[in-house]
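4 protein chains.
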Amino acid sequence: MENKTRVAIVGSTGYGGVELIRLLQAHPHAEVASVISSSSAGEPIAAGFPHLSGIRTELLDDVDPAAIRAKADVVFLATPAGVASKLVPRLLEQELKVIDLSGDFRLPEPAVYEQWYGKPAADPADLEQATFGLCEIYGDRVQGTSFISNPGCYPTATLLGLVPAIKAGWIDPDSIIVDAKSGVSGAGRGASLGTHYSELNENFKAYKINKHQHVPEIEMVLSDAAGRDVVTTFTTHLVPMTRGIMATMYAKLTEHRPEADFIQLYEEFYAGRPFVRIRPEGQWPATKEVAGSNYCDIGFAVDRRTGRVTIVSVIDNLVKGAAGQAIQNLNLMMGWDEDAGLRFVPMYP
Amino acid sequence: MENKTRVAIVGSTGYGGVELIRLLQAHPHAEVASVISSSSAGEPIAAGFPHLSGIRTELLDDVDPAAIRAKADVVFLATPAGVASKLVPRLLEQELKVIDLSGDFRLPEPAVYEQWYGKPAADPADLEQATFGLCEIYGDRVQGTSFISNPGCYPTATLLGLVPAIKAGWIDPDSIIVDAKSGVSGAGRGASLGTHYSELNENFKAYKINKHQHVPEIEMVLSDAAGRDVVTTFTTHLVPMTRGIMATMYAKLTEHRPEADFIQLYEEFYAGRPFVRIRPEGQWPATKEVAGSNYCDIGFAVDRRTGRVTIVSVIDNLVKGAAGQAIQNLNLMMGWDEDAGLRFVPMYP
Amino acid sequence: MENKTRVAIVGSTGYGGVELIRLLQAHPHAEVASVISSSSAGEPIAAGFPHLSGIRTELLDDVDPAAIRAKADVVFLATPAGVASKLVPRLLEQELKVIDLSGDFRLPEPAVYEQWYGKPAADPADLEQATFGLCEIYGDRVQGTSFISNPGCYPTATLLGLVPAIKAGWIDPDSIIVDAKSGVSGAGRGASLGTHYSELNENFKAYKINKHQHVPEIEMVLSDAAGRDVVTTFTTHLVPMTRGIMATMYAKLTEHRPEADFIQLYEEFYAGRPFVRIRPEGQWPATKEVAGSNYCDIGFAVDRRTGRVTIVSVIDNLVKGAAGQAIQNLNLMMGWDEDAGLRFVPMYP
Amino acid sequence: MENKTRVAIVGSTGYGGVELIRLLQAHPHAEVASVISSSSAGEPIAAGFPHLSGIRTELLDDVDPAAIRAKADVVFLATPAGVASKLVPRLLEQELKVIDLSGDFRLPEPAVYEQWYGKPAADPADLEQATFGLCEIYGDRVQGTSFISNPGCYPTATLLGLVPAIKAGWIDPDSIIVDAKSGVSGAGRGASLGTHYSELNENFKAYKINKHQHVPEIEMVLSDAAGRDVVTTFTTHLVPMTRGIMATMYAKLTEHRPEADFIQLYEEFYAGRPFVRIRPEGQWPATKEVAGSNYCDIGFAVDRRTGRVTIVSVIDNLVKGAAGQAIQNLNLMMGWDEDAGLRFVPMYP
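Residue numbers (UniProt numbering), protein chains in the order written: chain A, 1 to 349; chain B, 1 to 349; chain C, 1 to 349; chain D, 1 to 349.
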């Protein structure tokens, strides 16, 4: 019997952390060896998450790099902004492999991080060591590395929807508008008026228009794809649902092309990648069609009257937008099948 | 004691019809004298709508213009597309005042109606008699007329958000993109997979991209405001909630102007109109903040980096987007206070 | 023109407080003269509740009995448990009329309050002055008083459903089981894991089984109706919705009686009371059928096999379960029509 | 490599059918060899269920016992009432193993079926061949059989919560009241006013009080456990959520016993069964804590004042209440591990 790779999860009492636990429970090559929470160390993980009763019976560990090293080979960080920048160097010193789900190592320029996150950035030397793990775009760089910065939820949905068209030169990079919508779990488990049931239920609201900290991450990859600086208009909305992100994206066509061309372009671009599914002409994905799974589904509408294409991309924000892609990165990093442990069928309805 | 104006409601067993009943129940100058449904004539209205128990105890009448004339002075039509085009001429013959909530008389060009609605259009002679009742834009034309075509829900939210900026020449009419989201009640009370709870709950979906029948209605008014033909990119989405529409709108600025300028422009444009509320800088309205009321709330975000403005406009689709604006049109038509019977405070939470 | 009675609302930034504002906005004999919040004094009420933009433009006042007296004749308290017990005596000294929506004055026995609420009780001398304002049962006592303790949400739904059958001797008081369900707004606006959207959405949970602080209030009135001590089994559940309470109640019949008998009994019991509606045989009310209104709707099912009756009672927890009944008490206290300002049609859908 | 057992699913376009597909996709010993739908034969299964895009690419087969035999060894029927009673005999003739998820073979008395279901019952000779597969109670009978009638959703939640206490003689069988609540997916995928989003969202309603067709199934097992005839009061409610059932159950204690005794009794009763989890004292399960999984979680509250116990039991209606338990039955029937392919962690949040 195979010895499974042992993983530790820092931030096990947040939604990203428990989703990692859910997904890894069925992983063929990895197993959770330590669940870690600085705020609840010493308590059973199932006390705060009764859905784990009888499944994970251990106590939460405290954050201690040497102790983590004794138990695990790989560490996932599912922590709020500002934690990983300080903790990762201590974990790397222990020769642990690290996959960080936070935004702390996504932006190579400290000044950009500080502008958008409003916090001190990680040390430039540490930033340099991170590989940005947007699997379908930069997956080749991930294999064999030991420190991955996992992309954000909005950037994942947005970039998988835009990069092929930009690389092909089919859309004008200066014309891109992203209208994004997210379920509430993206805001985490912290209690505030902004996550209060009665405030959000039967309500739809916009927030952080053009100010979301995912903007520079999106523009970084779009610029890389376009070969020049790209700025975008980016709006985020809260949908009265728990899981799911849709990015509805608009761009000017450089010349008219029917939807069938887009479908073919994207199917070729993502050929061999198990988690991107392209919808047939006249169909667009809905968020529930990827719920609980690692899929990103994409559909197109071309309007000859306006010369614009509308691209619809959906993911489960906690899976492909967080824990699922992190495991996908683990798989690539370790040389396992890209979809090992991730072949979940979306839960519908 | 004043004799109230007697109104009849055709289509009383749809959501638009019962919302008219709810709102008119408190109207100071009008009273519901006949509730009409071709499909359920002879049954008590409260049988299908127990929330009306003890409030409206009458039986539903059948559709009969002469009988309506005997009971009422004004008729509201809250009927599916294709009904009003045939019924309105018979009602006008009876010298009834008519307010049609359907799309049958909104588009003056029969060919355009037939292209977008996929049904035979109304007679051109009848179309000519209709006044398009977007109150805050065309309210002056409504007074004293006897046949009003009430605007659609998406057009109301969209146009109130765009017209002042277009008239002022502050945005490029060729750059307009409207990303609209609606609660499910907009789809009516008909049962289908598309209105099935388990299919829509915890789900967010796009539909009819660039094909929605409200597109030509929006472009008609935008073109009127711009003084030349305007085409737009228009996406509709279904939100897992019952009521509410948000239109998130994007346009290129003709020159940079801060949000404060937009706020001032819109406040002046809508001065004296009781139902448009402009949000202060850095705030955008959420749909629940107008639930159950006739308000349209609007907020702005200007992005200097991209040279675009984002305009957020929300309404309750069944009130300002249907029954409420219809009563506002009644008020204007009759010379009553514009907000008579419509001073409902939004129901929050 | 009538001089309206001026009312002040302490706790204007909670859901009970803003619901009072919503309902009183249309009251023919009363007007809100002061909105009060100890936590947000000095801020505009609309800052925290943008749905009130343009409707209530004043600043929140601080809690100061003499200042309240200068502005108002009647005070509503929509404050958390433990506030009214200290504040009411100071308001009564000012010869203000008081309607307290909290639980502080509902239980005449201090020891019972302290057992169930876990807080110090009000002074016995103050407790004696309070009239328990369950309008349809004790409405006669309310007229002309100056200090009313407004019933709780669960007790209102439960007691209106049980009292007639108990008084008639048709059900065994020892057999009563109440299975109650509430929307989340009943938990107030405070942010906690227990009101977090992602924890409650698509979830149904039981809480405080047999321990809810409304148990003694229910048993107090049931005992009064039965003429002897009654204890009940009482379960509360959270429903993933904002508004609405359903109490599903079970009791053993003292002898078999068909549903029609119950219907007749209740219609006679509530004859002349505008807010209780009895459903016809084979029909039971749903919470949405009273949303936004002051109605309590009741239906019955008798099972000959088991000798039990099931009684279903629904209210809007923020209206008949709080602000609406408080205004109904104001109406009775002042000798106005019982339904003045409360003739709202339920908002459906 | 093991040859997997091939299964066919009749009724693949209903919620029970697609849930079988989802769960079986990861089964170690079984594989879906034919998806069958009489209404949509010839169409790709993913056309109606885009969440299966790229996962199940085959066309739907028509219902043909011989053709099924050629493809499969075991057939699941996830069909509406009245279909299996006619189809099962033809499948058994083909020497197919059959697991029927409908109610057609749960009640051994044809007259009882006809009374509660309002349809002709199955042939008595066929009824005799069925084994009622409530796994944790009758699992021993299942092994080695070839025709299983899978229990209903409400009965599963209810019976797992009541049987141990009844068998132990701790509760009075004449005192049982079951207040059950279900998500909307239990009503199936058929479109009707009763499954319409706008009618159910933000609404809570009771239905079929004491008339639900699951009543005789519940009483059959309770009577078996009690050793004498038991009748119950049984109420069903619709919760505005998609998945999940809670049964809140009330019974008179034969003598006082603290909650700890119940916990111990149930833990012993279900020892070795992987899918029943008992909550510690003072805690009750919520439906989301079992979402997407095959667990049934149970908690207790004993009230000394009334001498009653309240038992709370939750399941996912589409998993433990349908497809999951059907696979559990397959596992038992085939002699595989009881939880093979069913070790899903609940999806939370």
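Glycine is no exception: its CB is placed at the ideal position from the N, C-alpha and C atoms. None of these values were measured; they are calculated from a predicted model.
Segment limits, beta strand (DSSP E) that includes A/Asp303: Its beta strand (DSSP E) spans residues 296 to 303.
Those runs of the alpha helix (DSSP H) which lie wholly inside the stretch 145 to 211 of chain B and span at least 4 residues: 153 to 167, 197 to 200
Reduced DSSP secondary structure (H/G/I, E/B, other) of D/Ile327: Correct three-state label for D/Ile327: helix.
Extent of the continuous alpha helix (DSSP H) run through D/Arg69: Element bounds for D/Arg69: 65 to 71.
Proximal residues of chain A, C-beta to C-beta of D/Phe49 below 9 Å: Those within 9 Å of D/Phe49 in chain A are Glu289, Tyr348.
Alpha-carbon spacing of C/Asp61 relative to C/Ser38, whole angstroms: 8 Å
CB contact below 9 Å: D/Asp179 versus chain C: yes
Whole-number beta carbon distance between A/Leu91 and A/Pro110, since they are thought to touch under 8 Å: Between A/Leu91 and A/Pro110 the Cβ distance is about 20 Å, and since that is not below 8 Å, they are no contact.
Local conformation of B/Pro44 per DSSP, three classes: In the three-state reduction of the DSSP assignment, B/Pro44 falls in the strand class.
Any C-beta of chain D under 9 Å from that of B/Asn150: no
Classification of C/Asp140 by the beta-carbon crowding that lies within 10 angstroms, buried from 16 upward: It is exposed - the Cβ of C/Asp140 has fewer than 16 other Cβ atoms within 10 Å.
Residue from B/His196, B/Phe204, B/Ile166 with nearest C-alpha to A/Lys181: Ranked by how close their Cα comes to the Cα of A/Lys181, the residues B/His196, B/Phe204, B/Ile166 have B/Phe204 in first place.
Residue of C/Leu96, C/Asp100, C/Gly48 minimising C-alpha distance to C/Ala326: C/Asp100
Expected contact under 8 Å - CB spacing of C/Tyr117 and C/Thr236 to nearest Å: About 15 Å separates the CB atoms of C/Tyr117 and C/Thr236; that is not less than 8 Å, and the two are not in contact.
Alpha carbon of B/Leu332 to alpha carbon of B/Phe269, nearest angstrom: Spanning the two alpha carbons is a distance of roughly 18 Å.
C/Ala260 and C/Glu281 closer than 9 Å at C-beta: Yes, the Cβ-Cβ distance between C/Ala260 and C/Glu281 is below 9 Å.
Straight-line Cα distance separating A/Asp339 from A/Ser313: 20 Å
C-alpha gap between B/Gly14 and D/His212, whole angstroms: 30 Å
Simplified DSSP assignment, three categories, for C/Val32: Strand.
Chain A within 9 Å of D/Gln283, Cβ atoms only: yes
For C/Tyr197 and D/Ala125, the rounded distance between their alpha carbons: 52 Å
Collapsed DSSP secondary structure at A/His237 in the structure displayed: strand
D/Val7 to C/Leu52 span [Cα, whole Å]: The straight-line gap from Cα to Cα measures roughly 59 Å.
Nonlocal neighbours in the same chain, by C-beta distance under 7 Å from B/Ala187, ignoring five residues either side: Gly194, Thr195
First and last residue of the uninterrupted alpha helix (DSSP H) at B/Ala260: 259 to 269
Min CB distance D/Glu202 to chain A below 9 Å: Closer than 9 Å to some Cβ of chain A, the Cβ of D/Glu202 qualifies, so yes.
The stretch 70 to 84 of chain B in contact with the stretch 12 to 27 of chain B per 3-pair CB rule at 8 Å: yes
Per-residue contacts from B/Arg305 into chain A (C-beta, under 7 Å): Val231
8 Å contact criterion, which C/Met249 and C/Val184 should meet: CB distance rounded: Not really, about 22 Å apart at Cβ, beyond 8 Å.
Under 7 Å by beta carbon: chain B residues contacting A/Ser198: Result: Pro349.
Span separating the alpha-carbon of B/Ala130 from that of B/Cys296: For B/Ala130 and B/Cys296, the distance between alpha carbons rounds to 24 Å.
Below-9 Å beta-carbon distance, C/Gly183 vs any chain E residue: Among the protein chains of the structure shown, namely A, B, C and D, there is no chain E.
Interface residues of the stretch 238 to 269 of chain A facing chain C [CB-CB below 8 Å]: Pro240, Met241, Thr242
Contacting residues, own chain, Cβ-Cβ under 8 Å from A/Thr233 (five flanking each side not counted): Ile176, Ile177, Val178, Asn210
Enclosing alpha helix (DSSP H) for A/Val88 [first to last residue]: 84 to 93
Buried versus exposed, by CB contacts within 10 Å (16 or more), B/Gly152: buried
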